[in-house]
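Colleague:
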Amino acid sequence: MVVLTLSVSVPAYAVEPDKAKETAETSSSSASETETEATTEEQTAAQEPKPTTASEKTATEKKGDKAKTEKVHNKKKKSKKKSKKKKDKKKDKEKKIVAPEDAVSVRSETALAREEKLKRQLLKEESLEQSLLHADKLKEEMQKFYQALNEQSGSVAIPGVVALTGVKKDGNDTQIGHRVNHLLLELSVKTKNGYLKDIAENYNFDVAGEMKVADVIEDEETIQLKQYLDQQILNCDKTQEQRLRELKKSRKKIRTLKKQIKELKADEPRVFDPMNLLKKSNLSVEEIRLMLKGSALEEEAPAFYKCEKKYGVNAVVVMGIAIHESAWGTSRRAREDHNLTGYGVTSDSAKGINAPTKEENLLMTAKLLKDKYLVKGGAYYHGPTVKGVNQCYCVGNTWAGYVTNRCYEIMKRL
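Position 90 of the sequence shown, counting from 1, maps to 90 under the UniProt record's numbering, and the rest follow consecutively.
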C-alpha cells in the first residue's frame with residue numbers, strides 16, 4: 001500500500017491574526033513618525049531666515065541703508081566745516097605782519113682762513129709725533145740739513161734766523177726757486193714731514209737783501225722755522241720716557257685739532273632763512289664773535305653757538321632777537337636782570353622771566369622757541385618763521401621786521 005505525503009507551502013503573508021495586527025500597527029506607527037518628522041523639518045526650514053542678496057532687499061531696507069550712509073557723510077562734512085571754521089577763526093585773529101622773507105647764504109672767508117690755519121697746526125703736530133717716534137733717524141737728517149744750510153747761508157753771510165724765515169707766496173707764484181726751499185723739501189721727504197713740505201711749497205725762503213734780522217716777526221704773511229727745527233733736534237735728545245710723555249700730549253692735540261676742523265664746516269655756507277628758523281647757520285664761535293665784535297654781546301658768542309647746537313634754533317635769529325630786545329646788550333634788563341631777549345616781558349613795567357646768567361637766558365629762549373613756537377603742535381605755533389614767532393612773542397606787528405633786518409646786518413660782517 002502506498003502512502004502519499006503532501007507538503008503545503010504557507011505564504012509569508014499568511015501569519016497569525018494577532019501577529020498580523022501587530023505588524024500592521026508597527027507599520028502604521030513608522031509611517032506616522034516619518035510624516036511627523038517631515039512636517040517638523042518643513043516648519044523649521046520655513047522659520048529660518050533666508051540670506052538676503054542686494055537684489056532681494058526690500059525698498060524699506062534700501063532706504064534705511066541710504067539713510068545711514070547719509071548720516072555718516074553728514075557727520076564727516078559737519079566735522080570738516082567745524083575744523084575749517086576753527087582754522088579760519090584762528091587765521092582772523094592772526095596779526096597782519098610784514099617782514100622780509102629772503103634767505104641769506106654766504107661763503108665764510110673767516111672760516112676758510114681758520115681752516116687753513118688749523119690744518120697747518122695739525123700738520124705741525126703730526127710732524128712732532130713723527131719726530132718723537134723716529135728720533136734717531138731724524139737727528140741724522142737734521143744734522144745734514146743744518147750743515148747744508150750753513151754752507152748756503154755762510155756763502156752770502158745770511159744769519160740762520162733770516163734764512164729760515166719764509167714769506168708767503170701770492171696766488172700766482174708756484175715755483176720753488178730758492179735753495180733753502182729745496183733743502184726743506186728734501187728734509188720733508190726724508191723725515192716724512194708733511195708740515196715742512198707744506199711750508200716749503202707755500203713760502204719763499206732765503207730772500208737775501210730783502211729782509212733783516214729786525215724784520216723777522218711772524219705774522220699772517222711770514223713764518224719762522226728756526227725755533228721749530230731747533231725743537232725737533234731737542235726732541236731727538238730726550239730720553240725714551242720723556243719722548244713718551246711728549247707723544248701722549250701731541251696725540252691729544254692732534255685729536256683736538258681734527259675735531260675743531262670737523263666742527264668748523266668751512267666748506268658749508270653760513271645761512272639765515274627767516275622762513276625756516278630751524279635751518280642751521282653752521283657758524284663757529286669765532287665767526288659769531290666776529291659778527292658781534294665791539295658790542296656788549298661779543299662775550300656771549302659761545303652761548304649763541306650753544307643755542308643752535310643744543311636746540312637746533314638758528315644762531316643768527318637768536319642774535320637778532322637779543323640785539324633788538326637788549327639794544328646790543330646795553331639795556332637795563334640786559335645789565336641788571338641778564339635778560340637779553342625780552343623773555344617774559346609783556347610790557348615796560350613787567351618784571352620778566354629772568355635768569356642768573358646771560359647764557360642761561362639765551363638757552364631758555366632757544367628752548368622756548370623750539371618747544372612752543374617752531375614745531376607743529378606747539379602752544380604758539382604759527383609756522384617756523386620770524387613772522388610766525390611775532391604772532392605771540394611780541395604784542396606789536398613790526399617786531400619781525402626789526403629782528404630780520406638785524407640778522408641781515410650781522411650776516412654782512414662775515
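Yeah, the Cβ is synthetic: ideal placement off N, Cα and C, and Gly gets one too.
Within the region 274–337, note down every full beta strand (DSSP E) run reaching 3 residues or more, in order along the chain.
Modeller: The qualifying runs do not exist here; there are none.
Colleague: Per the contact definition of three or more C-beta pairs closer than 8 Å, is the region 267–285 in contact with the region 304–319?
Modeller: The region 304–319, when compared against the region 267–285, does touch it at the 8 Å Cβ threshold.
Colleague: Ignore the nearest five residues each way along the sequence and tell me which others in Lys-190's own chain have a CB closer than 6 Å to its CB.
Modeller: Same-chain partners within the cutoff: Glu-141.
Colleague: With a threshold of 16 other CB atoms inside 10 Å of the CB of Ser-347, please say whether the residue is buried or exposed.
Modeller: By the neighbour-count rule (16 or more Cβ atoms within 10 Å), Ser-347 is not buried but exposed.
Colleague: Pull up the distance between the alpha-carbon of Pro-100 and that of Asn-405, whole angstroms please.
Modeller: Rounded to the nearest angstrom, the two C-alpha atoms are 8 Å apart.
Colleague: If you follow the alpha helix (DSSP H) that Val-403 is part of, which residue opens it and which one closes it?
Modeller: It spans 399–411 - the alpha helix (DSSP H) in which Val-403 sits, taken as one unbroken run.
Colleague: Counting Cβ pairs, one atom from each stretch, are 3 or more of them under 8 Å apart for the region 254–267 and the region 392–408?
Modeller: Short answer: they don't touch.
Colleague: Using the three-state DSSP reduction, which class does Ile-353 fall into: helix, strand or coil?
Modeller: Correct three-state label for Ile-353: coil.
Colleague: For Lys-310 versus Leu-363, is the C-beta distance shorter than 8 Å?
Modeller: Yes, the Cβ-Cβ distance between Lys-310 and Leu-363 is below 8 Å.
Colleague: Report back the beta-carbon spacing between Leu-277 and Val-386 to the nearest angstrom; my notes put them in contact at under 8 Å.
Modeller: With 8 Å as the limit, Leu-277 and Val-386 qualify as a contact, their Cβ atoms being about 7 Å apart.
Colleague: So the candidates are Asp-136, His-182, Leu-128, Pro-384; which of them puts its Cα closest to the Cα of Ala-148?
Modeller: Nearest option by C-alpha distance: His-182.
Colleague: Beta-carbon within less than 7 Å of Val-318's beta-carbon, same chain only, minus the 5 sequence neighbours each way: which residues are those?
Modeller: Only Phe-304, Cys-307, Leu-362, Thr-365, Ala-366 meet the Cβ criterion.
Colleague: Do the region 106–123 and the region 227–244 make contact, defined as three or more Cβ pairs closer than 8 Å?
Modeller: At 8 Å Cβ cutoff, the stretches do not touch.
Colleague: Is the beta carbon of Leu-374 sitting closer than 8 Å to the one on Pro-384?
Modeller: Yes. Within cutoff.
Colleague: Flag this pair as touching only if the region 120–137 and the region 194–202 have three or more C-beta atom pairs under 8 Å; answer yes or no.
Modeller: These segments touch.
Colleague: For Leu-146, which three-state DSSP category applies?
Modeller: Before going further, note that residue 146 is Tyr rather than Leu in the sequence given. In this structure, Tyr-146 counts as helix in the three-state DSSP scheme.
Colleague: Might you give, ordered along the chain, the residues of its own chain that have their beta carbon closer than 6 Å to the beta carbon of Ser-188, omitting 5 neighbours on each side?
Modeller: Hits under 6 Å: Leu-196, Lys-197.
Colleague: Mind checking whether Leu-184 and Phe-205 have CB atoms under 8 Å apart?
Modeller: Cβ distance < 8 Å, so Leu-184 and Phe-205 count as in contact.
Colleague: In this structure, what does DSSP give as the bridge partners for Thr-256?
Modeller: Answer by DSSP bridge pairing: none, since Thr-256 is not bridged.
Colleague: So Ser-347 is in the beta strand (DSSP E); what residue range does that whole segment cover?
Modeller: Where Ser-347 is concerned, there is no enclosing beta strand (DSSP E), given that its DSSP letter is neither H nor E.
Colleague: Starting from Ser-188 and walking both ways along the alpha helix (DSSP H), at which residues does that stretch end?
Modeller: Note, Ser-188: alpha helix (DSSP H), 179–191.
Colleague: If you count every other CB in all the chains shown that lies within 10 Å of the CB of Asn-390, and 16 or more means buried, which is it?
Modeller: The residue is buried, with at least 16 neighbouring Cβ atoms inside 10 Å.
Colleague: Start and end of the beta strand (DSSP E) containing Ser-105?
Modeller: Per DSSP, Ser-105 belongs to the beta strand (DSSP E) from 104–106.
Colleague: By Cβ distance below 6 Å, which residues in the same chain neighbour Glu-359 in space, the five residues on each side in sequence not counted?
Modeller: Within the same chain, Glu-359 has close Cβ partners Ala-303.
Colleague: For Tyr-203, write down the residues that DSSP places opposite it in a beta bridge.
Modeller: DSSP lists Lys-168 as partners of Tyr-203.
Colleague: Put Ala-208 into one of helix, strand or coil per three-state DSSP.
Modeller: Note on Ala-208: pLDDT 46, under 50, position unreliable in the model; the coordinate value appears next. Coil.
Colleague: What do you reckon, are the CB atoms on Pro-269 and Val-106 nearer than 8 Å?
Modeller: Yes; because the gap between Cβ atoms is below 8 Å, this pair is in contact.
Colleague: In its own chain, which residues sit with a C-beta less than 6 Å from the C-beta of Ala-379, not counting the 5 before and 5 after it?
Modeller: Cβ within range, chain order: Lys-372.
Colleague: With respect to the beta strand (DSSP E) encompassing Val-271, which residues constitute its N-terminal and C-terminal limits?
Modeller: Element bounds for Val-271: 270–272.
Colleague: Identify whether Thr-222 lies in helix, strand or coil by the three-state DSSP scheme.
Modeller: DSSP places Thr-222 in strand when its eight states are reduced to three.
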